[in-house]
Structure formats: structure tokens, C-alpha cells
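To convert, note that position 130 of the sequence shown is 130 in the UniProt record's numbering; the numbers rise steadily by one, no gaps. Idealized CB from N, CA, C, for every residue including glycine. It should be emphasised that the depicted structure is a prediction, and the values quoted were computed from it without experimental measurement.
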Amino acid sequence: MPSFSGMPHEMLLHILDGATVADILSVVLTSHSPYILGRTSRVLWRNAADHVILPLPAEYNIDDVPIERLFGLALRAISIARSLRELSIVPKRFSAAGPIEDGVMHSNMPVHGGRWSLYDSEHGIRCRDTNIRNENPDDSDSLVLPGSSLSRSIVVDRGGGVFRSVQSMPVDQAQVEEQTPQDPQRLKIPHIVDICFPNSFATDNEVPHISGRPIPIPGVDAERVLSITDSFMIIWGMNDPGFVYLLDYKRRIGIQYLLMAGSLSFFEFSSAQIHPSLPKLILLVRVFRPPETFTCAVWIIDIPPNVFSGPQPDVDTDIPITWTPVETTVTSEFLTPMNWTPDISYFPEFPESYTLLHQLSLRDSEGRTHATVVCLTPDNTLVAASLGHLHRPFEFVPRGVGSQSPTMGLWGDGIMILSYFSCLGRTLEVGTFVLPTSMGSAVATNFDPVQGKLIVEVPYTFDQLMDL
């Protein structure tokens with residue numbers, strides 16, 4: 001058991017009173033006793049005001065990562081932060097996020113944590129460990145879901161290395177053998193699938209595998225799943241684009257919302273989330289606003305009481321899903337303006353009590369482009385705020401409702417200027433990345449400042465994963 005008794009009182013107060021990871025490192029590296037404490041104490045790092053910057057592996061949180069690894073993760077966090085402060089950020093290594101055939105890359109999806117990516121193959125969904133370095137990494141890839149097709153659906157981290165997503169897969173293994181190349185989608189329906197990724201610190205050659213029994217969700221298009229949690233799923237437009245569906249897939253009951261959108265004659269849903277503490281749905285919508293103008297809106301609608309009450313049973317996949325139709329109106333709405341308006345506030349850092357819902361870029365009358373966020377206040381008011389000006393022109397890559405990492409990139413001549421939210425998710429940062437000139441044009445599709453990983457899409461070739 002680590003002991004704080006040998007540490008000077010002033011030093012101990014400094015560490016335990018809102019110190020950052022960098023502050024703690026500066027103390028524990030001063031002498032032997034604090035160093036031993038830094039290597040053996042979990043509370044030391046958990047108490048850091050910015051412990052979210054620790055680049056934890058996908059299968060861990062700060063409470064279950066091996067104690068002896070926390071010190072190394074803290075050093076890695078400071079190394080990433082130092083790299084991001086450089087005038088020119090040079091990635092240390094590059095790797096393909098999936099195999100390349102005939103110069104074209106398979107559809108792929110990175111998994112949070114940066115080590116793993118899923119991609120489509122002829123035989124099903126395969127997984128790549130980007131940490132493996134050999135001449136032919138394809139040989140080390142593992143088949144995770146035989147006969148399945150990769151859907152770019154929402155992926156949620158359930159902890160313990162388990163990630164949940166919705167993928168199209170055969171009903172049972174016997175049907176995998178019945179499928180023919182001429183009809184690859186035959187007999188496939190969406191399933192909720194938990195994939196368990198191996199312990200990052202293990203020495204054996206474990207491979208990702210399915211955890212538990214996949215849950216079939218008949219009648220749902222996997223590509224139209226907007227959000228998924230431990231028991232709920234939000235889908236839009238299964239039969240009509242004017243509907244959004246909230247499904248409790250464990251109880252096998254759901255709400256079919258018909259939204260009364262007033263004068264807005266056309267809309268489609270981009271992403272969604274359930275309010276973290278209130279019975280409300282938060283929707284990001286693309287709407288048509290006369291005359292002949294498309295814009296984005298954030299809508300909030302209520303979840304009716306008592307629909308999903310009672311104990312949650314074990315999933316019985318033989319029970320059909322029961323849908324309850326509900327007509328509803330939007331209780332709160334924020335229509336994003338086409339251009340900057342004076343009533344939008346400027347936040348160098350938006351408050352921690354605000355919930356980030358959407359990011360966009362708006363131009364003001366002077367031609368400046370603002371990185372703008374739409375937030376939900378504690379009193380359930382929707383407000384917009386600018387986090388600062390962007391370099392122009394920027395390629396804006398929205399990360400969706402609830403995301404903490406929007407990215408915008410300007411590229412050319414081996415340089416990409418990237419704007420992104422900080423690790424704490426409340427300020428806008430800018431970094432200049434140096435890319436190989438042979439790469440040509442590239443688009444940033446994902447950047448994780450905590451893990452120090454940048455994914456860029458190179459047109460007509462492949463996705464590159466870069467580590468800082």
C-alpha cells in the first residue's frame with residue numbers, strides 16, 4: 001500500500017488540491033519517495049484535475065487500469081500535449097487502417113482508443129491491430145464476424161474492452177454457409193453486437209471476439225441507427241423519413257414518433273442522443289426552410305412517462321418488437337443561422353455545466369469564419385456560442401451530436417492545419433501537422449487529442465492512421 005507519510009505537507013496539499021497531471025509529474029520526479037508513490041498510487045492520478053487526458057487503452061478506465069501503468073500513461077499524455085504545442089507537429093509513425101486492394105481501401109471504422117480498426121472483407125468483418133509492425137500486416141488481421149457486413153453505426157464503449165455497435169450479420173452460422181457471392185446480403189439482418197478487444201498489456205496473442213449473444217433487431221436498417229446505449233437505440237425513417245424511433249431492445253418495446261414539424265416541409269436526421277439526466281431526445285436535423293434553403297436544427301422532444309418502466313428482463317430474441325405510435329411536437333428548437341448573427345455569444349471556454357450538442361462553422365460580415373457550438377444549458381435552453389475564429393478555407397468534418405471532437409482541416413503542400421476541441425472538450429485548439437508530400441490531398445476524418453491519433457482519408461487510395 002503506498003504511503004503519503006514521507007511526503008512534505010505542502011507538496012501533498014499541492015498534489016491533492018486540484019493539481020494537473022503535469023503538476024503531479026513535476027512533483028513525483030523530484031525524489032525517490034514521491035516517485036514510488038507515483039508508481040503505486042491510483043488516487044494520485046484519479047485526483048488530477050485533468051485526468052481525462054490520460055490515454056487509457058480501449059478496455060480500461062482510470063479505476064481498473066493496472067496501477068503500475070498509470071505513471072507511463074501520464075508521461076505519454078504529457079508527450080502528446082507537448083507535441084500539440086509545437087509550431088509544426090510531425091507524426092512519429094504511419095499505418096494503414098485496413099488492407100489495400102487494387103489501390104482502393106476497404107470500408108473501415110476506427111475503434112475508440114486508436115489501436116484497433118474494423119473493416120469489410122469478402123468473408124466478413126475483420127479487425128486490424130495497428131500496433132503490429134510487419135511487412136504484411138494483413139496476415140495478422142483476425143476475422144471477428146463471419147459473413148457480416150460493416151455498418152458505420154454508432155459505437156459505444158461499455159467498459160472492460162467491450163464495444164457495442166449495430167452490424168448486419170446472418171441469423172445463425174448455418175446461414176453463413178448458405179450465402180452466395182451473388183447475393184451477399186441475403187439472410188442478413190441487423191444485430192446488436194458486443195466485441196471484446198484484448199488486454200493491451202497482455203503478452204499472449206489474443207484476438208478480438210464477440211462477447212455474449214448478438215441481439216437481432218429485425219426491420220431496422222443498420223445505417224439508420226443514430227444512437228445506441230446499454231439498452232436503447234434511436235433510429236430514423238425505417239418506413240417513412242418523418243418518423244424517428246426509440247427502441248428499448250431488451251424489453252422489445254419502442255416508440256414510433258411522428259414529428260409535427262410545422263412549416264418545415266422536409267427534414268432528415270443526422271444524429272441523436274438521449275439527454276443524460278432528463279427523459280428527452282436530442283436530435284440533430286437537416287431541414288428545409290422556405291424559400292429553398294437547407295439548414296441544420298437541434299430539436300428536443302419528450303419521452304412519454306411510464307413507457308419503459310418496470311424491471312428490465314433478460315433479452316428474449318423470440319419476442320417480436322411492439323411499437324407504440326406517438327404524435328409529438330418539438331419542445332425546444334434551435335435553427336442554425338446561415339451566417340453569423342450578433343446574438344451569438346463568444347466563449348473562449350464554454351461552461352462545464354453545458355452539454356455540447358452540435359458544431360458548425362459560420363461566417364460573419366467581415367468574412368471571418370467562427371467555430372460555433374450549440375449547447376444545452378442546465379435550464380434546458382439551447383444557445384449558440386463561438387469558440388474562436390478559424391483559418392480559411394477549412395474543411396469542416398462534423399462529429400455528430402454529443403461528440404467532443406469536431407475537426408476541421410486545411411491541407412496542401414504536405415501541411416494540414418487542424419482545429420479541434422481540447423482534451424477537456426471546452427476550448428478550440430489549432431495545430432499544424434506535417435504530412436508526407438507524397439500523400440497529396442488528404443481530408444481529416446478523425447482526430448483524438450487524448451490518444452494523439454489522427455486519421456486522414458487520401459482520395460482514391462486508403463486511410464492513414466498517424467500517431468504523435
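Assigned exposure category for residue i - 16 Cβ within 10 Å defines buried
{"i": "V104", "result": "In this prediction, V104 scores a pLDDT of 47, lower than 50, which makes its location untrustworthy; the coordinate-derived value is nonetheless stated afterwards. It counts as exposed."}
{"i": "A174", "result": "Note on A174: pLDDT 36, under 50, position unreliable in the model; the coordinate value appears next. It is exposed - the Cβ of A174 has fewer than 16 other Cβ atoms within 10 Å."}
{"i": "H51", "result": "buried"}
{"i": "H32", "result": "exposed"}
{"i": "K453", "result": "buried"}
{"i": "D17", "result": "exposed"}
{"i": "Y119", "result": "buried"}
{"i": "G212", "result": "exposed"}
{"i": "R82", "result": "exposed"}
{"i": "T372", "result": "buried"}
{"i": "L258", "result": "exposed"}
{"i": "L150", "result": "buried"}
{"i": "P110", "result": "buried"}
C-alpha distance - residue i paired with residue j, whole-angstrom precision
{"i": "I228", "j": "S165", "result": "7 angstroms"}
{"i": "V225", "j": "V326", "result": "19 angstroms"}
{"i": "D230", "j": "R251", "result": "12 angstroms"}
{"i": "residue 519", "j": "L247", "result": "With the chain covering only 1 through 468, there is no way to say anything about residue 519."}
{"i": "R46", "j": "L29", "result": "18 angstroms"}
{"i": "L362", "j": "L73", "result": "37 angstroms"}
{"i": "V207", "j": "P348", "result": "44 angstroms"}
{"i": "G254", "j": "T322", "result": "6 angstroms"}
{"i": "I80", "j": "D129", "result": "21 angstroms"}
{"i": "P218", "j": "I189", "result": "6 angstroms"}
{"i": "I417", "j": "I78", "result": "21 angstroms"}
{"i": "V397", "j": "F447", "result": "Summary for V397: the model assigns pLDDT 43, below 50, so the residue's position carries little reliability, and this model does not support an answer."}
{"i": "H191", "j": "Q256", "result": "20 angstroms"}
{"i": "V307", "j": "I235", "result": "17 angstroms"}
{"i": "P406", "j": "T329", "result": "In this prediction, P406 scores a pLDDT of 48, lower than 50, which makes its location untrustworthy; the coordinate-derived value is nonetheless stated afterwards. Distance between the alpha carbons of P406 and T329 is about 29 angstroms."}
{"i": "V434", "j": "P91", "result": "7 angstroms"}
{"i": "G388", "j": "E457", "result": "26 angstroms"}
{"i": "E55", "j": "D467", "result": "In the sequence as presented, Glu is not what sits at residue 55; that position holds Pro. So the alpha carbons of these two residues sit roughly 12 angstroms apart."}
{"i": "I319", "j": "C296", "result": "38 angstroms"}
{"i": "T355", "j": "I195", "result": "29 angstroms"}
{"i": "G124", "j": "N380", "result": "44 angstroms"}
{"i": "Q451", "j": "R115", "result": "9 angstroms"}
{"i": "D183", "j": "H209", "result": "With a pLDDT of 46 at D183, under the threshold of 50, the modelled position of that residue is not reliable, and no figure is offered here."}
{"i": "L70", "j": "G147", "result": "39 angstroms"}
{"i": "G400", "j": "L428", "result": "Here the model assigns G400 a pLDDT of 37, short of 50, so the residue's position is not dependable, and the following value carries that caveat. Distance between the alpha carbons of G400 and L428: 17 angstroms."}
{"i": "P449", "j": "I53", "result": "8 angstroms"}
{"i": "T20", "j": "L37", "result": "16 angstroms"}
{"i": "A222", "j": "P57", "result": "27 angstroms"}
{"i": "F94", "j": "P66", "result": "28 angstroms"}
{"i": "V383", "j": "R368", "result": "20 angstroms"}
{"i": "E366", "j": "I455", "result": "33 angstroms"}
{"i": "V156", "j": "A444", "result": "22 angstroms"}
{"i": "P170", "j": "H275", "result": "33 angstroms"}
{"i": "P34", "j": "N131", "result": "32 angstroms"}
Bridge partners - residue i, DSSP secondary structure assignment
{"i": "K453", "result": "D448 and D467"}
{"i": "R126", "result": "Y119 and L143"}
{"i": "C196", "result": "V162 and H209"}
{"i": "I253", "result": "D248 and T322"}
{"i": "R286", "result": "E268 and C296"}
{"i": "L390", "result": "T369"}
{"i": "T355", "result": "L376"}
{"i": "Y346", "result": "S386"}
{"i": "residue 469", "result": "This structure leaves residue 469 out entirely; the chain is present only between 1 and 468."}
Nearest to residue i (by Cα), restricted to the options the options
{"i": "G414", "options": "T432, R368, L424 and L428", "result": "T432"}
{"i": "N339", "options": "W323, S332 and L360", "result": "L360"}
{"i": "F163", "options": "F288, S422, E268 and S117", "result": "S117"}
{"i": "D63", "options": "A77, R76, S79 and V43", "result": "V43"}
{"i": "L357", "options": "V111, V220, T341 and V374", "result": "V374"}
{"i": "V298", "options": "T336, D23, V443 and M169", "result": "T336"}
{"i": "Y249", "options": "S26, V220 and Y257", "result": "V220"}
{"i": "I300", "options": "I274, I24 and S332", "result": "S332"}
{"i": "F269", "options": "T427, P34 and G237", "result": "G237"}
{"i": "Y346", "options": "S419, A385, T329 and H275", "result": "A385"}
{"i": "P214", "options": "V144, S277, S271 and V244", "result": "V144"}
{"i": "T377", "options": "H370, E352 and R368", "result": "E352"}
{"i": "S142", "options": "R76, A371, F197 and A272", "result": "F197"}
{"i": "V287", "options": "F334, A371, S365 and I67", "result": "F334"}
{"i": "K280", "options": "D302, A272 and S271", "result": "D302"}
{"i": "P216", "options": "G38, S168, E366 and V450", "result": "S168"}
{"i": "S419", "options": "P436, R426 and L390", "result": "L390"}
{"i": "L87", "options": "S26, V430, G161 and N61", "result": "V430"}
{"i": "F243", "options": "L84, L382, P436 and L283", "result": "L283"}
{"i": "R85", "options": "S422, T324, L150 and P436", "result": "S422"}
{"i": "R426", "options": "N61, H370, F350 and V285", "result": "F350"}
{"i": "V27", "options": "L75, N61 and Y60", "result": "L75"}
Residue i CB to nearest heavy atom of the ligand MG below 8 angstroms
{"i": "M416", "result": "This structure lacks the ligand MG; in fact it carries no ligand of any kind."}
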